[in-house]
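**Student:** Just passing along the structure, written as structure tokens.
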Amino acid sequence: MNNLRFLPLGALAALTLAACASLGHPDGGPRDVTPPRYVSSNPVPGSLNFSGDKISIFFDENVELSDPNSKVAISPAQKEMPTLMANGRRIDITLRDSLIPDMTYTIDLADAVKDLNEGNVLDGFAIDFSTGDSIDTLSISGMVLHARDLEPAQGMLVGVYAGAADSCIHTRRFERIARTNQLGQFTIRNLKPREYQIFALTDQNRDLFWDRTEDVAFCSTTITPTVETVVETDSISPDSVVVTNRTRFLPDNLLLTWFNEDYKAQYLSGYKRDPRNVLHLEMAAPADSLPSLTVVTLGADTAVRIPLTPANSLMTHSATNDTINFWLRDTTLIQADTMLVETRYRRVDSLDNVVWTTDTLKFNFRTPKSKKGQPRPLTLQEKIDSVLAISDTIVVDTFALMQPKAFLTLSNDGSVQEVNRPYIFKTSRPVDSIAPGAIRLEFKPDSVWVPVEPQPQVLPYDTIWHDRFFIDVDWVPGGSYRIVADSLAISDIYGRYNKPLETKIDVRNSAEYSSILFNIAGLPDSVAAVVELLDDRDEVKRTLPVTGGRAKFEYLLPGTFYARLFIDADRDGQWTNGDLHLRRQPEDVYYFPKKLALKKNWERSEAWDINAVSVEEQKPLEIKQNKPKLNAGEIPLQTDEDEDDVPFGGEFGTGLTNYR
2 MNNLRFLPLG ALAALTLAAC ASLGHPDGGP RDVTPPRYVS SNPVPGSLNF SGDKISIFFD
62 ENVELSDPNS KVAISPAQKE MPTLMANGRR IDITLRDSLI PDMTYTIDLA DAVKDLNEGN
122 VLDGFAIDFS TGDSIDTLSI SGMVLHARDL EPAQGMLVGV YAGAADSCIH TRRFERIART
182 NQLGQFTIRN LKPREYQIFA LTDQNRDLFW DRTEDVAFCS TTITPTVETV VETDSISPDS
242 VVVTNRTRFL PDNLLLTWFN EDYKAQYLSG YKRDPRNVLH LEMAAPADSL PSLTVVTLGA
302 DTAVRIPLTP ANSLMTHSAT NDTINFWLRD TTLIQADTML VETRYRRVDS LDNVVWTTDT
362 LKFNFRTPKS KKGQPRPLTL QEKIDSVLAI SDTIVVDTFA LMQPKAFLTL SNDGSVQEVN
422 RPYIFKTSRP VDSIAPGAIR LEFKPDSVWV PVEPQPQVLP YDTIWHDRFF IDVDWVPGGS
482 YRIVADSLAI SDIYGRYNKP LETKIDVRNS AEYSSILFNI AGLPDSVAAV VELLDDRDEV
542 KRTLPVTGGR AKFEYLLPGT FYARLFIDAD RDGQWTNGDL HLRRQPEDVY YFPKKLALKK
602 NWERSEAWDI NAVSVEEQKP LEIKQNKPKL NAGEIPLQTD EDEDDVPFGG EFGTGLTNYR
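Here the sequence shown stands for residues 2 to 661, numbered as in this note's numbering.
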């Protein structure tokens with residue numbers, strides 16, 4: 002996919018003007034809704050051979066600066082942040098770095114200036130001057146959005162480097178910079194006519210370099226700023242037309258999509274022993290390998306060397322290998338209150354290389370304290386002693402004393418079983434085996450329970466935790482089922498079995514559901530895509546691949562939904578993040594630009610051309626998080642109460658363009 006998506010001609014300027022427009026007056030008469038106006042400055046814009054260190058800018062009313070340290074950008078980038086101060090109608094800027102000879106300087110105040118009384122924001126104001134005999138005049142404009150959810154990046158640093166060296170973002174400060182405004186828009190001014198690399202980053206530590214933990218966006222190709230003259234006509238009367246020439250700086254509609262590599266240093270972040278038969282490890286980041294453990298000391302001074310293997314333990318872990326449990330099987334290990342364990346695992350060294358390392362960890366188990374007014378819980382040894390006190394010929398079931406709670410639970414958490422989902426049940430300890438036919442599903446067509454034929458298989462829900470299982474059938478909508486588990490249905494890794502259980506399942510009636518079909522246009526040929534159905538918090542509820550230009554979501558409960566599509570470039574069925582080191586852009590994202598209200602027993606069909614609405618306007622306002630602050634008297638954008646009446650496409654333009 003081509004990642005250079007452009008705004009329509011003049012769209013950025015229109016959006017900027019809209020951000021400052023006066024859309025209405027409150028009751029009680031006119032109100033100041035006009036941002037401050039520039040009156041004069043020292044030096045004047047475009048001054049040559051400037052040699053001072055103080056810049057003063059005058060406005061037509063009293064002003065104040067809003068968060069200048071994160072909004073104001075000065076090019077070339079300054080090592081020492083200048084001091085900025087508002088004093089009545091004047092803003093004073095004192096530079097703390099020495100001026101560079103024959104250099105064009107830009108002071109970009111972005112949206113930091115506002116009037117003192119009403120807080121009306123002057124957006125996009127900048128002043129320039131040169132320390133030499135000429136001034137550079139080219140510029141690059143565009144917008145920065147979050148790659149995953151198209152939220153505008155507010156206050157993000159955008160900068161350029163001359164040339165095409167890939168490593169410069171790690172080794173050099175930006176040559177010229179700007180900050181995004183509340184709409185995510187930026188303009189990098191006073192550029193020379195040459196090739197540039199362009200990046201955006203959060204720069205949390207303000208060092209003008211990219212750290213791997215910071216958000217970042219980049220263009221895959223270099224950008225060369227140019228200029229052209231645009232002829233515009235304006236009819237001021239039926240018989241009179243005014244023709245004017247306007248200078249247009251290009252590109253003026255660039256889209257950057259930022260992402261975070263989610264980089265985390267690999268190390269052991271925590272460990273504990275709870276309950277006493279489980280050793281729990283937490284890694285700080287996903288890992289490509291699993292640790293190995295060897296017990297070297299039991300109790301206070303008993304030296305041993307017992308590697309933890311499948312014979313004396315079971316290792317379960319998360320899919321990303323960052324959460325690991327060792328379930329001890331050996332009673333000698335379980336009964337020891339203290340053990341030292343030699344742990345070998347992967348971690349990063351001082352050079353950020355992942356290497357093997359070995360630590361000796363101390364695992365203690367302390368009997369939980371009793372609650373106030375209740376007797377102290379017995380320790381494991383006290384429980385064993387109490388059994389032996391009855392008769393020393395009794396074989397003590399250590400595991401029964403260790404894990405008194407129920408092993409198997411069958412429950413749908415009190416909710417109705419959904420037609421399109423499997424029934425999931427959970428065990429409190431890892432499972433060793435399931436007896437064939439010992440867990441049965443029955444159906445009640447009238448007044449008598451009858452076995453479902455054929456009986457569904459009990460299958461692992463995952464293969465790394467060993468404690469969740471499911472059965473899946475073609476549920477009869479509105480039907481009544483029950484699951485019956487015999488007393489010897491499931492055995493855990495300690496040879497313990499479940500108690501006999503049964504539970505009733507009520508399947509939801511089909512009339513309670515709704516469905517929605519998306520007929521999708523605008524996808525290039527042979528490109529895979531996935532549609533995500535979202536709730537009102539912009540969180541994914543369902544996903545479906547696009548097949549034959551269609552994606553149909555069935556068995557949806559009534560409610561308000563939204564939809565998002567991503568281009569599945571690597572065809573793995575999941576949205577793939579960007580990677581600056583690999584020069585890989587995040588996969589493109591598009592929003593269906595209106596909300597979707599679904600009612601009971603209702604089917605809805607929507608035509609969705611992913612290019613009909615400009616990218617920055619696709620995300621519905623109801624779920625957009627980064628909304629711009631309004632000036633005094635501005636009226637917030639309203640959405641239609643009935644989403645069926647919301648027009649789709651046409652008036653929004655053709656979209657941003659983003660290099661890939």
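Glycine included, every Cβ here is placed at the ideal spot set by N, Cα and C.
Keep in mind the model is a prediction, meaning the values are calculated, not measured.
Span of the alpha helix (DSSP H) holding K601?
**Tutor:** The sequence position of residue 601 within the sequence shown is 600, counting from 1. From DSSP, K601 is part of no alpha helix (DSSP H); its letter is neither H nor E.
**Student:** Hey, out of D275, I108, L256 and L110, whose CA is closest to F327's CA?
**Tutor:** On the sequence shown, position 326 is the one that residue 327 refers to. Closest by alpha carbon: D275.
**Student:** Would N499 be called buried (16 or more neighbouring beta carbons within 10 Å of its own) or exposed?
**Tutor:** As a first step, residue 499 is located in the sequence shown; it is residue number 498 there, counting from the start. Buried: at least 16 other Cβ atoms inside 10 Å.
**Student:** How is L85 classed by DSSP in three states: helix, strand or coil?
**Tutor:** Locating residue 85 in the sequence shown gives position 84, counting from the first residue. L85: strand per DSSP, three-state reduction.
**Student:** Within the chosen definition, does the region 591-609 reach the region 513-524 through at least 3 CB pairs nearer than 8 Å?
**Tutor:** Yes: the two stretches touch, three or more of their Cβ pairs being nearer than 8 Å.
**Student:** Quick one: what does DSSP say E618 is sitting in, helix, strand or coil?
**Tutor:** Here residue 618 is taken as the residue at index 617 of the sequence shown, counted from 1. Here E618 sits in helix by DSSP.
**Student:** With the cut-off set at 8 Å, would you say T234 and V242 are in Cβ contact?
**Tutor:** Sequence index remark: in the sequence shown, residue 234 carries index 233 (1-based). Sequence index remark: in the sequence shown, residue 242 carries index 241 (1-based). Cβ distance < 8 Å, so T234 and V242 count as in contact.
**Student:** Just to confirm before moving on: does the CB-CB distance between T188 and S140 stay below 8 Å?
**Tutor:** As a working note, residue 188 is residue 187 in the sequence shown. As a working note, residue 140 is residue 139 in the sequence shown. Closer than 8 Å, so yes.
**Student:** DSSP three-state label for S142, please.
**Tutor:** Looking up residue 142 in the sequence shown gives position 141. Strand at S142.
**Student:** Please report how far the alpha carbon of Q575 lies from the alpha carbon of D539, in whole angstroms.
**Tutor:** Residue numbering aside, residue 575 sits at position 574 when the sequence shown is read from its first letter. Residue numbering aside, residue 539 sits at position 538 when the sequence shown is read from its first letter. Roughly 17 Å separates the two Cα atoms.
**Student:** With H, G and I counted as helix, E and B as strand and the rest as coil, what does DSSP make of H318?
**Tutor:** The residue labelled residue 318 in the question sits at position 317 within the sequence shown. Correct three-state label for H318: strand.
**Student:** From R91, L282 and K595, pick the residue whose C-alpha is nearest to that of D360; which is it?
**Tutor:** Walking along the sequence shown from the start, residue 360 turns up at place 359. Answer by Cα proximity: L282.
**Student:** From L257 to T428, what distance separates their C-alpha atoms?
**Tutor:** The count along the sequence shown starts at 1 and reaches residue 257 at position 256. The count along the sequence shown starts at 1 and reaches residue 428 at position 427. For L257 and T428, the distance between alpha carbons rounds to 47 Å.
**Student:** How should M284 be labelled, buried or exposed, when 16 other C-beta atoms within 10 angstroms of its C-beta is the threshold for buried?
**Tutor:** Against the sequence shown, residue 284 aligns to sequence position 283. Flag for M284 reads buried.
**Student:** Whether or not the region 588-605 and the region 500-509 are in contact is what I'm after, with contact meaning three or more pairs of Cβ atoms, one per stretch, closer than 8 Å; do they touch?
**Tutor:** Short answer: they don't touch.
**Student:** Do the region 451-459 and the region 503-517 touch if we need at least three Cβ pairs shorter than 8 Å?
**Tutor:** Short answer: they don't touch.
**Student:** Here's the rule I'm using: 16 or more other beta-carbon atoms within 10 Å means buried, otherwise exposed. How should P546 be labelled?
**Tutor:** Taking the first residue of the sequence shown as position 1, residue 546 is located at position 545. Its Cβ having fewer than 16 others within 10 Å, P546 is exposed.
**Student:** Using the C-alpha atoms, what's the distance from I435 back to I491?
**Tutor:** Counting from 1 along the sequence shown, the entry for residue 491 is found at position 490. Counting from 1 along the sequence shown, the entry for residue 435 is found at position 434. Rounded to the nearest angstrom, the two C-alpha atoms are 5 Å apart.
**Student:** How big is the Cα-Cα spacing for A570 and S515?
**Tutor:** Here the question's residue 570 lines up with position 569 in the sequence shown. Here the question's residue 515 lines up with position 514 in the sequence shown. Those two C-alpha atoms are separated by around 31 Å.
**Student:** Quick check: what's the CA-CA separation for G160 versus R91?
**Tutor:** For the purposes of this step, residue 160 is identified with residue 159 of the sequence shown, where counting begins at 1. For the purposes of this step, residue 91 is identified with residue 90 of the sequence shown, where counting begins at 1. The alpha-carbon atoms of G160 and R91 are separated by roughly 28 Å.
**Student:** Considering only the alpha carbon of each residue, which of S67, S142, M104 and H171 lies closest to G120?
**Tutor:** As a working mapping, residue 120 is identified with position 119 in the sequence shown. Residue S67 is the option with its Cα nearest to G120.
**Student:** My parser needs the beta strand (DSSP E) runs of 3 or more residues fully inside the region 154-191; what are they?
**Tutor:** The qualifying runs are 158-163 and 177-180.
**Student:** For the beta strand (DSSP E) holding L334, just list the boundary residues, first then last.
**Tutor:** As a working mapping, residue 334 is identified with position 333 in the sequence shown. Counting along the chain, L334 falls outside any beta strand (DSSP E), though it belongs to the alpha helix (DSSP H) covering T332 to Q336.
**Student:** Return the chain-ordered list of same chain residues with a C-beta closer than 7 Å to the C-beta of V459, the five sequence neighbours on each side being excluded.
**Tutor:** Sequence index remark: in the sequence shown, residue 459 carries index 458 (1-based). Excluding residues within five positions, the ones whose Cβ falls inside 7 Å are I435, I440, F470 and I472.
**Student:** So what's T358 in DSSP terms, helix, strand or just coil?
**Tutor:** Against the sequence shown, residue 358 aligns to sequence position 357. If DSSP states are grouped into helix, strand and coil, T358 belongs with the strands.
**Student:** Considering only residues of the same chain and omitting the five flanking positions on each side of F59, which have a CB-CB separation below 7 Å?
**Tutor:** For the purposes of this step, residue 59 is taken as residue 58 along the sequence shown, with counting starting at 1. Within the same chain, F59 has close Cβ partners V40, S41, S42, R90 and R91.
**Student:** Considering only C-alpha positions, which residue in the set F175, R249, D137 and T105 is nearest to G164?
**Tutor:** Against the sequence shown, residue 164 aligns to sequence position 163. The shortest C-alpha separation from G164 is found at F175.
**Student:** What separation, rounded to the nearest whole angstrom, lies between the Cα atoms of Q418 and P311?
**Tutor:** If you number the sequence shown from 1, residue 418 lands on position 417. If you number the sequence shown from 1, residue 311 lands on position 310. Spanning the two alpha carbons is a distance of roughly 37 Å.
**Student:** Quick one: give me the first and last residue of the beta strand (DSSP E) that P308 is part of.
**Tutor:** Position 307 of the sequence shown, counted from the first residue, corresponds to residue 308. From DSSP, the beta strand (DSSP E) with P308 extends over T303 to P308.
**Student:** Measure the beta-carbon distance from Y272 to L362 and round it to whole angstroms, keeping in mind my assumption that it falls under 8 Å.
**Tutor:** Start at 1 with the first residue of the sequence shown, and residue 272 comes out as number 271. Start at 1 with the first residue of the sequence shown, and residue 362 comes out as number 361. Indeed, because the Cβ distance is near 6 Å, the residues count as touching under 8 Å.
**Student:** Could you say if the region 184-201 and the region 104-122 meet the contact criterion of at least three C-beta pairs nearer than 8 Å?
**Tutor:** Enough Cβ pairs lie closer than 8 Å, so yes.
**Student:** If we ignore side chains and look at the alpha-carbon of each, how far apart do A148 and D447 end up?
**Tutor:** In the sequence shown, residue 148 corresponds to position 147, counting from 1. In the sequence shown, residue 447 corresponds to position 446, counting from 1. Distance between the alpha carbons of A148 and D447 is about 53 Å.
**Student:** With DSSP as the reference, identify every bridge partner of S42, one or two as the case may be.
**Tutor:** For the purposes of this step, residue 42 is identified with residue 41 of the sequence shown, where counting begins at 1. S42 pairs with I58.
**Student:** Can the beta-carbon of L352 be found less than 8 Å from the beta-carbon of T298?
**Tutor:** Walking along the sequence shown from the start, residue 352 turns up at place 351. Walking along the sequence shown from the start, residue 298 turns up at place 297. It is not a contact, given that the beta carbons lie outside the stated cut-off.
**Student:** With respect to the beta strand (DSSP E) encompassing N246, which residues constitute its N-terminal and C-terminal limits?
**Tutor:** Indexing the sequence shown from 1 puts residue 246 at position 245. Taken as a continuous stretch (DSSP letters only), the beta strand (DSSP E) holding N246 covers S241 to L251.
**Student:** Quick one: using the 10 Å Cβ neighbour count with 16 as the cut-off for buried, is G53 buried or exposed?
**Tutor:** Within the sequence shown, the letter at position 52 stands for residue 53. Exposed.
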